[in-house]
Structure formats: structure tokens, C-alpha cells
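This report concerns only the one structure given below.
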Amino acid sequence: MAERAFGERAQIRWAEPGEAEALTALSLRSKAFWGYGEAFIAAVAPEQLARRPAYVLEAEGRVAGFYLLEPIDEREVELSALFVEPDAIGRGHGRSLMEHATAMAKRLGYRAMLIHSDPNAEPFYRAMGAEPIGTVPSGSIPGRMLPLLRVDLEHA
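Terminal number for the sequence shown in the working numbering: 159, no gaps in between.
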């Protein structure tokens, strides 16, 4: 799939299966930024990167963020991960990844993208056009509910 350049120093490219361990570590660092520990992170499996739309953003010679799309059915896809390195937060990389994910989901023919959002990330996703549609149980903490957001890809 085609790369999309963002400025002079950042680009988004397809994630390689061999990057799974490094992307899991990046997601741990990103969650730690918000005070979460390892219990909140599901490892990124090489199989996910081989079979699902998965992209990394490279900036200044390193991977600064990534996202994963997980098909739900022929109409909907889940943004199952979007993480940015803590020292790269606030540089527009999250926005670039979200815009790329939205464009990719549309290109793949999906009509909606669902996001089981961390409460800290909800304002970001809402600013990017996602609408709250409910809550879903956390997979990490029994009894905790997470915001469920939806991006209407037909009108995005």
C-alpha cells in the first residue's frame, strides 16, 4: 500500500510482522505516559501485522507511532490500537495516524470505524470527528467501562 508523507520528516508505511515486539513496547510506553501498567496492554502479535491493516509512522529515523485496524464485519472496522511515543505526543503524529486510518478504512470499503477509547484519549478522538455512541466493558479491569466511539466513514 502507498506511503503518505507528512512534512519533511514523517511518513506512514505498512507495519512489518517483525516489528510486533517493538510496537508492543511502544504501546506500553504510551500507556505508561497516562499512568497505566502492563496489565492494560495486549501484545501486538506478528500475525496481526501480517493479516490486518497495520501502519507505523516514522519520524526522524524511528517509529514514533502506529495503528491497527481490526475488521468486525463487511461494514465496520475497529481502530484496535493507535499509539504515539510519549516524547512525540503533541507533534501532530496522532492526528496523522488517525487521518491515515480513516482514509484507509474508507478505501477498504468500510462504512464505520468503531473505537473502544481510553478515557484519556476520548477528547482526541472526538476532536477527530468520532461520535460517542455508548460504553463497552474494559478488557483489563473488571467493572470498568470505556467510551465507545464511532466514525461515520461515509461522511468523513
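For every residue, glycine included, the Cβ atom is placed at its ideal position computed from N, Cα and C. From a predicted model like this one, the values you see are computed outputs, not experimental measurements.
Among the options, whose alpha-carbon lies nearest the alpha-carbon of residue i?
{"i": "aspartate 121", "options": "Ser99, Leu151 and Arg55", "result": "Leu151"}
{"i": "proline 74", "options": "Tyr113, Ala67 and Gly93", "result": "Tyr113"}
{"i": "proline 89", "options": "His103, Glu19, Arg16 and Ser33", "result": "Ser33"}
{"i": "arginine 78", "options": "Leu26, Ala28, Trp17 and Met116", "result": "Met116"}
{"i": "alanine 25", "options": "Leu52, Gln14, Ala13 and Arg12", "result": "Leu52"}
{"i": "alanine 91", "options": "Val139, Ala62 and Ser141", "result": "Ala62"}
{"i": "leucine 156", "options": "Arg55, Tyr70 and Ala106", "result": "Ala106"}
{"i": "isoleucine 118", "options": "Pro20, Leu72, Glu102 and Pro56", "result": "Leu72"}
Can you name the residues that DSSP bridges to residue i?
{"i": "histidine 119", "result": "Leu151"}
{"i": "threonine 138", "result": "Pro150"}
{"i": "arginine 65", "result": "Ala62"}
{"i": "proline 74", "result": "Val80"}
{"i": "alanine 57", "result": "Leu71"}
Kindly give me the distance between the Cβ atoms of residue i and residue j, rounded to whole angstroms, as I take these residues to be in contact under 8 Å.
{"i": "glycine 97", "j": "leucine 82", "result": "The pair is not a contact, with the Cβ atoms about 12 Å apart (cut-off 8 Å)."}
{"i": "alanine 124", "j": "valine 154", "result": "Alanine 124 to valine 154, Cβ: 14 Å. No contact."}
{"i": "alanine 67", "j": "valine 87", "result": "6 Å"}
{"i": "leucine 60", "j": "serine 30", "result": "With 8 Å as the limit, leucine 60 and serine 30 do not qualify as a contact, their Cβ atoms being about 14 Å apart."}
{"i": "tyrosine 70", "j": "tryptophan 17", "result": "With a Cβ gap of about 12 Å, tyrosine 70 and tryptophan 17 do not count as contacting."}
Could you check what DSSP says for residue i in three-state terms: helix, strand or coil?
{"i": "glycine 10", "result": "Below a pLDDT of 50, predicted positions are generally treated as unreliable, and glycine 10, at 43, falls in that range; the measurement from the model is reported next regardless. Coil at glycine 10, not helix or strand."}
{"i": "arginine 16", "result": "strand"}
{"i": "alanine 124", "result": "coil"}
{"i": "alanine 133", "result": "coil"}
{"i": "alanine 28", "result": "helix"}
{"i": "alanine 5", "result": "Only weak support exists for where alanine 5 lies, its pLDDT of 39 falling under 50; the value from the coordinates is given anyway. Three-state DSSP puts alanine 5 in coil, outside helix and strand."}
{"i": "glutamate 50", "result": "helix"}
{"i": "alanine 159", "result": "coil"}
Is the shortest distance between the beta-carbon of residue i and the beta-carbons of chain C less than 9 Å?
{"i": "threonine 27", "result": "The displayed structure is made up of one protein chain only, and chain C is not part of it."}
(request) Any chance you could list the alpha helix (DSSP H) runs of at least 4 consecutive residues sitting entirely within the stretch 79-115, in chain order? (result) Within the stretch 79-115, the complete alpha helix (DSSP H) runs of at least 4 residues are 96-110.
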